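What follows is one structure encoded as structure tokens, with my remarks underneath.
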Amino acid sequence: MKVAVIQLCSGTEIAANIEACSEWVRAAAAQGAELIVTPEMTHLLQKDKASLLASIKSPEEDLAIKAFSALAKELDIDLLIGSLALQTGQKVSNRGYLFGPDGSTKAQYDKIHLFDAQVSDTEYYRESATYAAGRDPVIASAGDAKVGLSVCYDVRFPMLYRYYAQNGAQILSIPAAFTVPTGRAHWDILLRARAIETGSFVMAAAQGGEHEDGRKTYGHSKIINPWGDIVAELAHDKPGFVCADIDLGEVAKARQRIPAWSDRRDFKADIKDT
1 MKVAVIQLCS GTEIAANIEA CSEWVRAAAA QGAELIVTPE MTHLLQKDKA
51 SLLASIKSPE EDLAIKAFSA LAKELDIDLL IGSLALQTGQ KVSNRGYLFG
101 PDGSTKAQYD KIHLFDAQVS DTEYYRESAT YAAGRDPVIA SAGDAKVGLS
151 VCYDVRFPML YRYYAQNGAQ ILSIPAAFTV PTGRAHWDIL LRARAIETGS
201 FVMAAAQGGE HEDGRKTYGH SKIINPWGDI VAELAHDKPG FVCADIDLGE
251 VAKARQRIPA WSDRRDFKAD IKDT
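Take 1 as the starting number for the sequence shown in the UniProt record's numbering and just add one per residue.
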């Protein structure tokens, strides 16, 4: 199975972002990619709340959903849009979509863990002020693969990925818009840890570069095998894509060798100093 991750530097104009992403998706499909993953906030990166709310639409009206559904059908691929900002109520949803080769919506996933963090003395985020947290893990089929969906900050919560492994997921999709400070320190380590501890492939499509809204993201999109090896990578923060041929049989081999993904212990007793 050939897969690809797309790296973007999405701006504040939705139509331009759709066009830029579509060009990279077409290029990856031309190289034979059957499953393609794009980053978090594929169609809009806008940190100003008022401007964000003025730009986004409901799922029924969103231009990106229509465009990427049609693109998946045209190219006969599974296209996993890492996430889109959508107006779904009093708060915004950070929602990923998997479109099938017939253009249908196979699955959708709302980011569960919202990024409320201070990453440096001057840079902090409060996603919960704007976004509504999702509640449910989602596993979807892409070809012969079972894919566990997540978004960005979810990567710091390993129990989500253990759930995915225990329920048959072979690929973990981790699209992101990682900050530069946290990216340099944690991106590679966290992704490889999730692959190793679950014996899964990881597809991590990232935003990268300096965006129109003033934000800077880390990039370094990559594909990791179940043993924790990086099999394909964009070692920079520029737009582009990278493909890899993956063998889903490696998942079973890795999990048989080290079955930590299947073990579970609940520590309920008080832990006392000795």
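Cβ coordinates follow ideal geometry from the N, Cα and C atoms, glycine included.
Note that the structure is predicted; figures quoted are calculated from it, not measured.
Query	Result
In whole angstroms, what separates the C-alpha of N17 from that of H43?	5 Å
Quick check: the stretch 7-24 against the stretch 206-213, are there 3 or more CB pairs under 8 Å?	yes
How many angstroms separate the CA atom of R184 from the CA atom of A64?	30 Å
Pick from N94, Y109, L75 and S83: whose alpha carbon is nearest that of G103?	L75
Just to confirm the assignment, what range does the alpha helix (DSSP H) spanning N17 have?	I14 to A30
Tell me the DSSP bridge mates of Y124?	Q118
Name the residue from A15, K106, I77 and Q90 whose alpha carbon lies nearest to the alpha carbon of A67.	A15
Which residues bound the beta strand (DSSP E) around D245?	G240 to D245
Roughly how many angstroms lie between the CA atoms of S221 and R26, to the nearest whole one?	18 Å
Going by DSSP, name the residue or residues bridged to D110.	R95
Going by Cα to Cα distance, which pick from I196, R95 and E250 is closest to I85?	As written in the sequence, residue 85 is Ala, which differs from the Ile given in the question. Ranking the options by Cα distance to A85, first place goes to R95.
Going by CA-CA distance only, name the one from A244, P239, P226 and K238 that's closest to A232.	A244
Inspect the CB distances between the stretch 160-168 and the stretch 223-232 and report whether three or more fall short of 8 Å.	no
May I ask you to report which of helix, strand or coil DSSP gives G134?	coil
If you count every other CB in all the chains shown that lies within 10 Å of the CB of P239, and 16 or more means buried, which is it?	buried
Residue 275 by DSSP, collapsed to three states: which one?	It is not possible to answer for residue 275, since the shown part of the chain is limited to 1 through 274.
Rounded to whole angstroms, what is the Cα-Cα separation between V119 and P181?	7 Å
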